[in-house]
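According to full-length UniProt numbering, the sequence shown is numbered sequentially starting from 1.
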Amino acid sequence: MDNAKLRIKDEEVMMVEIEEVDQPRETHVIDDNEANGMVECDEGKGIDESIVGMVFDTPDDAYTFYNDYAFLHGFGIRIDTTFKHKTTKEPYRKIYVCDKEGFKWLDDNASSGIEKKRRRDVRTGCKAELRISKMKDGKWFVDSFKDTHNHDLSMTPTKVMKHRSHGKFHRTMECKSLIVQLGQAGLRPCHVKKAINGMKTSTVADITSKGKEFYGLIKHFQDKALLDNDQYFYVDLCDDGSPKNIFWADGRSRDAYTKFSDVVVFDVTYMTNKFKMHFAPFVGVNHHGQSILFGGALLENEKEETFEWLFEHFLKCMFGKYPKAIITDQDKAMGNAIKKVFPNTRHRFCAWHIKKHEQEHIKPYVSRYSDFKESYTKWVNRDTIEEFETRWEVIRDKHRLEKNCWISDMYNQRIHWAKAFLKDVFLAGMTTSGRSESINSFFDGFVNSNTMLNEFVVQYEKAVESRRVAEEDENFKTMNSRPILSSLHPIEEKAGECYTRKIFDMFKKEWTEATSNLTHETISKSTEEIKYRVGQLKVDKTYWRYVTFCFSNEVNVTCSCSKYETDGILCKHSLYVMKKRHVDTLPSRYILHRWTLNARYKVGNGRIGLEEMNNGNDVSALTLWCVRSNFTKLIEQARDSPLEIEKENRKKSITVENTSQVSCAGISQVDMMPQLSIRDPLGPTNTKGRPKTASRIKSFLEAPKKRTCSYCQGLGHYATSCSKRKADESVQEKH
1 MDNAKLRIKD
11 EEVMMVEIEE
21 VDQPRETHVI
31 DDNEANGMVE
41 CDEGKGIDES
51 IVGMVFDTPD
61 DAYTFYNDYA
71 FLHGFGIRID
81 TTFKHKTTKE
91 PYRKIYVCDK
101 EGFKWLDDNA
111 SSGIEKKRRR
121 DVRTGCKAEL
131 RISKMKDGKW
141 FVDSFKDTHN
151 HDLSMTPTKV
161 MKHRSHGKFH
171 RTMECKSLIV
181 QLGQAGLRPC
191 HVKKAINGMK
201 TSTVADITSK
211 GKEFYGLIKH
221 FQDKALLDND
231 QYFYVDLCDD
241 GSPKNIFWAD
251 GRSRDAYTKF
261 SDVVVFDVTY
271 MTNKFKMHFA
281 PFVGVNHHGQ
291 SILFGGALLE
301 NEKEETFEWL
311 FEHFLKCMFG
321 KYPKAIITDQ
331 DKAMGNAIKK
341 VFPNTRHRFC
351 AWHIKKHEQE
361 HIKPYVSRYS
371 DFKESYTKWV
381 NRDTIEEFET
391 RWEVIRDKHR
401 LEKNCWISDM
411 YNQRIHWAKA
421 FLKDVFLAGM
431 TTSGRSESIN
441 SFFDGFVNSN
451 TMLNEFVVQY
461 EKAVESRRVA
471 EEDENFKTMN
481 SRPILSSLHP
491 IEEKAGECYT
501 RKIFDMFKKE
511 WTEATSNLTH
521 ETISKSTEEI
531 KYRVGQLKVD
541 KTYWRYVTFC
551 FSNEVNVTCS
561 CSKYETDGIL
571 CKHSLYVMKK
581 RHVDTLPSRY
591 ILHRWTLNAR
601 YKVGNGRIGL
611 EEMNNGNDVS
621 ALTLWCVRSN
631 FTKLIEQARD
641 SPLEIEKENR
651 KKSITVENTS
661 QVSCAGISQV
671 DMMPQLSIRD
681 PLGPTNTKGR
691 PKTASRIKSF
701 LEAPKKRTCS
711 YCQGLGHYAT
721 SCSKRKADES
731 VQEKH
């Protein structure tokens with residue numbers, strides 16, 4: 001059964017078999033060469049020939065292999081040396097050695113006269129080692145292996161306890177075999193008992209509780225489906241019944257996606273369970289600029305087919321509605337999956353990851369050319385595609401950039417990160433996947449690396465609920481407070497009435513700068529439009545923006561900074577021109593519905609857009625879901641007053657055919673074999689890892705306010721520390 005699928009039906013009773021068998025679970029896949037080298041080889045039987053030349057996907061795989069080999073032969077290992085390229089800083093060779101290699105460094109304390117109590121030196125200068133090198137395809141191979149030891153090969157209780165803590169034993173028979181080995185090594189019975197006792201207990205627990213966590217996870221979603229008719233849940237199973245990938249989304253998340261699907265942030269750098277399955281949240285931005293979750297997933301790996309599976313079920317869950325834009329890192333497998341599943345979605349690379357790699361790769365050019373940094377910055381920040389391409393030719397020829405260097409590779413992918421190519425893409429003020437990383441950091445208070453699968457989904461919902469409480473608080477503030485205006489101009493008054501408080505604060509910042517710090521010069525004028533160049537007096541005019549104001553029945557203003565197109569809020573340059581042209585109100589076309597209080601969540605708030613109804617004879621899943629939400633609300637109202645049914649029937653005269661498709665809008669229902677055995681994951685999965693540093697580029701919605709000087713109107717300081725003020729005061733004192 002290839003890729004067995006699991007679904008949950010409300011009416012069916014799930015039958016689960018807990019298999020109590022003595023068959024071991026595989027925790028390490030071994031090929032033929034590896035088997036010959038690790039399991040069945042004895043000392044002096046051609047170990048070098050069988051191990052040298054072995055290939056591993058990652059250095060961690062090689063370390064695991066050598067660690068297992070060392071344990072079976074009675075010694076420990078450690079990482080000795082890692083060789084890195086001078087320019088790229090990428091490792092190309094690693095050496096693992098016996099833990100008794102070398103000798104302890106002796107400090108010379110004779111001069112100070114201080115005698116330190118030293119630990120017993122256990123190193124013997126052992127020469128055993130395993131050396132691996134990186135190949136062109138990214139894999140690693142063993143180019144040297146030495147198995148010459150100058151010490152006794154015997155296992156100690158400490159080594160056994162350490163090995164047990166990593167979950168290497170799964171059978172009681174292995175415990176018995178290990179007892180015999182420890183006895184032959186000459187260990188006392190009390191030490192053997194101490195080393196084995198804990199391992200034996202955990203082994204029995206593993207056998208009797210096989211599948212318990214996964215069963216608890218399924219049962220949780222099954223119980224929740226009785227309360228939330230719009231929940232979606234899907235599991236991809238291995239042949240043996242263990243879960244490969246899990247995806248879920250509740251009804252409120254699906255409702256939020258219908259309103260805020262214009263931008264999605266996707267990131268896979270977080271582990272929140274003891275099996276180290278990748279936690280992959282789909283994150284969006286609500287009407288207050290807060291992070292919200294559209295759904296979550298636990299993934300087995302980060303391969304292209306895994307991402308395809310996830311995106312396909314995300315699309316099915318969200319009524320076949322594609323996100324307009326998605327922000328991710330530069331993972332190639334993820335990018336290929338997005339091209340296949342979301343062909344019309346604009347894909348943007350995370351600016352934080354680009355900045356991180358940029359610092360590493362441009363250093364050689366900066367040290368070689370004194371003006372490279374300035375040229376590179378001007379090229380990256382070009383506003384138009386023509387200027388971007390022209391600057392590229394200059395920087396490529398002048399600094400002799402190679403075709404296969406990192407900068408050339410980034411140029412080939414320019415449509416995914418360059419500002420000039422993304423000026424028409426709405427991103428809600430985001431340029432990084434930091435939204436997803438901030439969601440991950442928020443989960444730190446609820447889950448950790450030891451959280452069980454069934455407990456994880458419970459804690460996940462608690463974390464999501466706390467986010468929704470924060471959203472309700474902002475709704476309350478907007479509905480029960482008045483905006484603080486900086487002027488009495490009708491444009492600002494209209495913005496205060498329409499926007500939520502958080503978004504109005506962003507608008508007011510632009511309005512304040514538009515009415516105080518800007519000036520202009522006229523570029524051209526015709527009967528149809530007038531073009532200005534707008535900027536600050538103290539700023540070089542090369543950094544001023546071009547604003548075009550069209551003469552028509554409706555106000556039509558565009559700016560070269562494209563802030564409205566990317567953030568959904570008019571920029572200070574456009575507002576300045578509108579005020580100069582005596583526009584007396586903020587046009588409704590510049591107030592996005594997603595930034596207003598009308599976009600808040602309401603029970604039974606299923607609304608049908610005209611674009612959903614004008615699809616010919618076919619009825620979309622989103623339309624069916626909205627119709628069902630409306631009628632669910634009608635039924636709830638009818639419980640209180642039968643007269644409400646007649647009122648609602650007059651309002652809602654929509655009749656929908658092909659109702660057999662309605663199952664696509666509700667909980668994902670798939671067939672489940674009644675006698676299918678399920679298991680927990682076989683073991684921890686490999687991951688790219690979460691960044692150790694949490695620093696990232698913040699969006700305009702969450703960036704801290706810059707300090708403004710009341711004396712010189714400059715940014716970054718106050719009047720008390722203003723250098724211009726101090727200089728003026730000193731001049732006055734001299735006079």
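All C-beta atoms, glycine included, are put in the ideal place defined by N, C-alpha and C.
- Taking all protein chains shown into account, residue 535 has 16 or more neighbouring C-beta atoms within 10 Å of its C-beta and is therefore buried.
- Exclusion of the five residues before and after residue 346 leaves 324, 325, 326, 422, 425 as the residues of its chain whose Cβ lies within less than 8 Å of its Cβ.
- In this structure the region 546-564 lies against the region 572-590, because at least three pairs of beta carbons, one per stretch, are closer than 8 Å.
- By the C-beta criterion, the region 506-526 is judged to be in contact with the region 564-575, since at least 3 inter-stretch pairs fall below 8 Å.
- Distance check between residue 101 and each of 87, 91, 127 places 127 closest, using alpha-carbon atoms only.
- Nearest neighbour of residue 712 by Cα position, chosen from 528, 517, 735, 600, turns out to be 517.
- Positions of the beta strand (DSSP E) runs, each at least 3 residues long and wholly inside the region 249-329, are given as 264-266, 282-285, 291-299, 325-328 in order along the chain.
- Under the three-pair Cβ rule at 8 Å, the region 226-246 counts as touching the region 301-321.
- In this structure, the beta-carbon distance from residue 140 to residue 83 does not fall below 9 Å.
- With distances taken between CA atoms, residue 224 lies nearest to 461 out of 461, 411, 148.
- Per the Cβ contact rule, the region 338-352 is not in contact with the region 372-391 (fewer than 3 Cβ pairs under 8 Å).
- For residue 484, the three-state secondary structure derived from DSSP is coil.
- The region 288-303 makes contact with the region 256-270, as at least three CB pairs between them are under 8 Å.
- Taking a cut-off of 8 Å for Cβ pairs, the region 501-508 and the region 468-480 touch, as three or more such pairs fall below it.
- If you look at residue 511, you'll find it isn't in any beta strand (DSSP E); it sits in the alpha helix (DSSP H) that goes 501-514.
- Put simply, of 493, 395, 73, 387 the residue whose alpha carbon is nearest the alpha carbon of residue 365 is 395.
- Residue 286 counts as buried, since at least 16 other C-beta atoms from the protein chains shown sit within 10 angstroms of its C-beta.
- Residue 575 places its beta carbon less than 9 Å from that of residue 491.
- At a Cβ-Cβ threshold of 9 Å, residue 66 and residue 153 do not count as neighbours.
- Take residue 708, set aside five residues on each side of it, and the residues of its chain with a beta-carbon closer than 7 Å to its own are 715, in chain order.
- Taking residue 248 as the centre and dropping the five residues before and after it, the same chain places the C-beta of 221, 231, 232, 233, 234, 295, 296, 297, 457 closer than 8 Å to its C-beta, in chain order.
- Between the region 592-603 and the region 244-259 there are three or more inter-stretch CB-CB distances shorter than 8 Å, so the stretches are counted as touching.
- Only exposed fits residue 524, as fewer than 16 other CB atoms lie within 10 angstroms of its CB.
- Assignment of residue 141 by DSSP, reduced to helix, strand and coil, places it in the strand class.
- Here DSSP, grouped into helix, strand and coil, assigns residue 52 to coil.
- The region 303-315 makes contact with the region 330-346; the number of CB pairs closer than 8 Å reaches 3 or more.
- Taking a C-beta distance under 9 Å as the contact criterion, residue 212 and residue 300 do not qualify as a contact pair.
- When 563, 313, 581 are compared, the shortest CA-CA separation from residue 550 is found for 581.
- Between the alpha carbons of residue 147 and residue 71 lies a distance of about 13 Å.
- Counting C-beta atoms within 10 angstroms of its own C-beta, residue 563 has 16 or more neighbours from the protein chains shown and is therefore classed as buried.
- In the structure shown, residue 600 adopts coil according to DSSP, grouped into three states.
- Inter-residue distance for residue 485 and residue 497 is about 11 Å (C-alpha atoms, whole angstroms).
- Note that the C-beta distance between residue 577 and residue 543 is not below 9 Å.
- Sorting 418, 341, 363 by C-alpha distance to the C-alpha of residue 88 places 363 at the top.
- With 16 or more neighbouring CB atoms inside 10 Å of its own CB, residue 489 falls in the buried class.
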